[in-house]
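Q: Here it is, the structure, as C-alpha cells.
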Amino acid sequence: MRRNLDRVNRTVLVVLGLLLLAAGGYALLRSYGAFGSDQANAPLLLDDVRDWVHRNEDWFWPVAGVVAALVAFAALRWLWAQRPHQMPSDDLVYDGDHGSTVVRSSVLSDAVEDELQHEPLVENVRVGVEHESDATLLLTRLSVRDGTPVSAIADEIVRPAVQHCREATGRGATARVIVDYAESHRTVR
Amino acid sequence: MRAAARIAAVVAAAAVALAALLILIEIVAAALGSGHVFLPYEEWYRFARTHDWQSDEVRLIAIPMVVVGIALLVIGLAPWRPSLVKVYDNDAAEIHVRRRSIARSLERALQHLDGVDRCAVNVAPSRVKVRVTTNRRLPGDLRPLTQSAVSDHLSGMGLPVPSDVRVRVVAPKASS
C-alpha cells in the first residue's frame, strides 16, 4: 500500500515537474527570442485562438468544466491518500451451518498487544489485524529496548505471541513486525 | 527524500485541486451569466491581449515555473533509500527495522566511546557513514575504534553489518 503510494507520488511529481518545466521553459525561450523576434513580439493570446474558442464555445467550455472537475477529483484523491494510514482492523468471521460467529479485530489485537506489553524488552506496541484467506496477519509496530538482538525479538517476543494467536483463532497466523529501538526505557509497568 | 516527496505531494495536490475547483466555479458562474467569482479572468484576458511574450510579467511567471518544475523532477527522480531493513524472515514472522532507528541506536552507542563529543550516523543498505566530532586535540585511533564499535554494535544486535563503514573524524580547531 505504502509502496504503491510512493510510486504514485513519484509518477505524479515527475509528470507535474515535466509540465511546469516544459511550459515555463517554452515561455522563457519564446520570451528571449529563441523562436524568432516575430514569436517574441506576438501577443500572449492570439486572435486565431480567441476566434477558435469563440466559434466552439458551445462544446469547449462544457468540456473544460468536465476536465477541471476530473482534475480536481483526482487531485483531492491524491491529497486524501497522503493521510497517515491506520492499522488494519479486520474482524474474524467463523461461518457455520446455522450462522456465523464474529470475533472483533480489537479483541485479538488487544490480546496480542497485552501479551507483548508484558515482555520486559518491549517499550511500546501497536498491533493491527488483517485476515487473509487462510491465515491471520498481525501487523505489529514494536518499540524495544535499545540493543535488543533480533534473535531475542523473534524468539522470545514475537514467536510466542504468534503461536498463542494460532491457538486462540484455530487458524494460521504470521506477524509482520516493524521494530524501533527506544531511546528511553519504561520505568512503570 | 521520501518525506520531502510526501510534503511536495501534499502541497502539489492541494494546489492542483484548488486551481481546478476555482476554474470549475468560474466556468459554472460564467455559464449562469454572472461575472467572475474568485479569479479575475476578465483582467487576465485583457492582459493576454495587450502583452507580448517579452513582457517582464511573463518572465516573472515563467522563472518560478521552471524552478518548481526542476525541484519536482529532482524529488521524483532522486533515488529513495528503503526506510526499512528486513532482518528476519521465517514462517512465523517477518521482522523489519527502521533504518533511522538503527542510526539513532548507533549514535547512542558511539556516544559512549572515549573522545567522542558528538556524532551523526547515516545508514544506507550497503553503507554506514559516521561523522564524529571529537574533543581530543589529536584524533589518534578514534577512526578505527569507531569503525569497530559500529561493527560490534550491529553484529551484537544481529543486524546486517555493511562492509563499507565510513568514519569522518572532526577535531576541534587549534587555537592560536
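Chains as they are written, first to last, in the numbering used here: chain B, 1446 to 1634; chain Y, 39 to 214.
Cβ atoms here follow ideal geometry from the backbone N, Cα and C, with glycine treated the same way.
By the 7 Å beta-carbon criterion, what residues does the region 1498–1522 of chain B contribute toward chain Y?
A: Trp1506, Ala1509, Gly1510, Ala1513, Ala1514, Val1516, Ala1517, Ala1520, Leu1521
Q: Where does Arg1549(B) sit, in a helix, a strand or coil, going by DSSP?
A: coil
Q: Measure the Cβ-Cβ separation of Met103(Y) and Leu1465(B) and say whether it is below 8 Å.
A: Yes.
Q: If the criterion is Cβ atoms closer than 8 Å, does the pair Thr1585(B) and Thr1614(B) meet it?
A: no
Q: Pair every Cβ in the region 1452–1464 of chain B with every Cβ in the region 89–102 of chain Y, then say whether three or more of these pairs are closer than 8 Å.
A: no
Q: Measure from the alpha carbon of Arg1571(B) to the alpha carbon of each residue in Ser1578(B), Asp1555(B), Arg1549(B), then state which is nearest.
A: Asp1555(B)
Q: Would you mind telling me which residues of chain Y sit closer than 8 Å to Ser1554(B), beta carbon to beta carbon, in chain order?
A: Going along chain Y, no residue has its Cβ under 8 Å from Ser1554(B), so there is no contact; the nearest lies around 16 Å.
Q: Ignore the nearest five residues each way along the sequence and tell me which others in Leu1553(B)'s own chain have a CB closer than 6 Å to its CB.
A: The answer, listed in chain order, is Val1574.
Q: For Gly1617(B), which three-state DSSP category applies?
A: Under the three-state reduction of DSSP, Gly1617(B) is assigned to strand.
Q: Under 8 Å Cβ-Cβ, which residues of chain B neighbour Arg40(Y)?
A: Going along chain B in sequence order, the residues near Arg40(Y) (Cβ under 8 Å) are Asp1451.
Q: Roughly how many angstroms separate the alpha carbons of Asn173(Y) and Ala1599(B), rounded to a whole number?
A: 39 Å
Q: State yes or no: is the C-beta of Ala43(Y) within less than 8 Å of the C-beta of Thr1619(B)?
A: Cβ distance not < 8 Å, so Ala43(Y) and Thr1619(B) don't count as in contact.
Q: For the beta strand (DSSP E) that contains Thr171(Y), what are its first and last residues?
A: Thr171(Y) -> beta strand (DSSP E) spans 165–172.
Q: Name the DSSP bridge partner or partners of Asp152(Y)?
A: According to DSSP, which records beta bridges pairwise, Asp152(Y) is partnered with nothing at all.
Q: Measuring only the C-alpha atoms, how far is Leu1537(B) from Ala116(Y)?
A: Their Cα atoms are separated by approximately 42 Å.
Q: Classify Ala41(Y) as buried or exposed, calling it buried when 16 or more other Cβ atoms lie within 10 Å of its own Cβ.
A: Exposed, by the Cβ-count rule.
Q: Would you mind telling me which residues of chain B sit closer than 8 Å to Ser139(Y), beta carbon to beta carbon, in chain order?
A: Val1624, Asp1625, Tyr1626
Q: Using only alpha-carbon positions, find the residue among Ile1602(B), Asn1449(B), Asp1625(B), Asn1486(B) that is nearest to Arg142(Y).
A: The candidate whose alpha carbon is nearest that of Arg142(Y) is Asp1625(B).
Q: CB-CB under 8 Å to Ser72(Y), same chain, minus the five flanking residues each way: which ones, in chain order?
A: none
Q: Output the distance between the C-alpha atoms of Glu1628(B) and Asp152(Y), rounded to the nearest integer angstrom.
A: Here the C-alpha atom of Glu1628(B) lies approximately 21 Å from the C-alpha atom of Asp152(Y).
Q: Reducing DSSP to helix, strand and coil, say where Val1510(B) ends up.
A: Checking the sequence shown, residue 1510(B) turns out to be Gly, not Val. Correct three-state label for Gly1510(B): helix.
Q: What residue from Ala209(Y), Leu183(Y), Leu192(Y), Ala187(Y) has the CA that sits closest to Val125(Y)'s CA?
A: Leu192(Y)
Q: Within 8 Å, do at least three Cβ pairs link the region 1506–1522 of chain B to the region 47–62 of chain Y?
A: With the cut-off at 8 Å, the region 47–62 of chain Y and the region 1506–1522 of chain B touch.
Q: Taking 8 Å as the cut-off, does the region 1482–1490 of chain B touch the region 109–123 of chain Y (at least 3 CB pairs, one atom from each stretch)?
A: No: fewer than three Cβ pairs fall under 8 Å.
Q: When you compare the CB of Asp1591(B) with every CB in chain Y, is at least one pair closer than 8 Å?
A: yes
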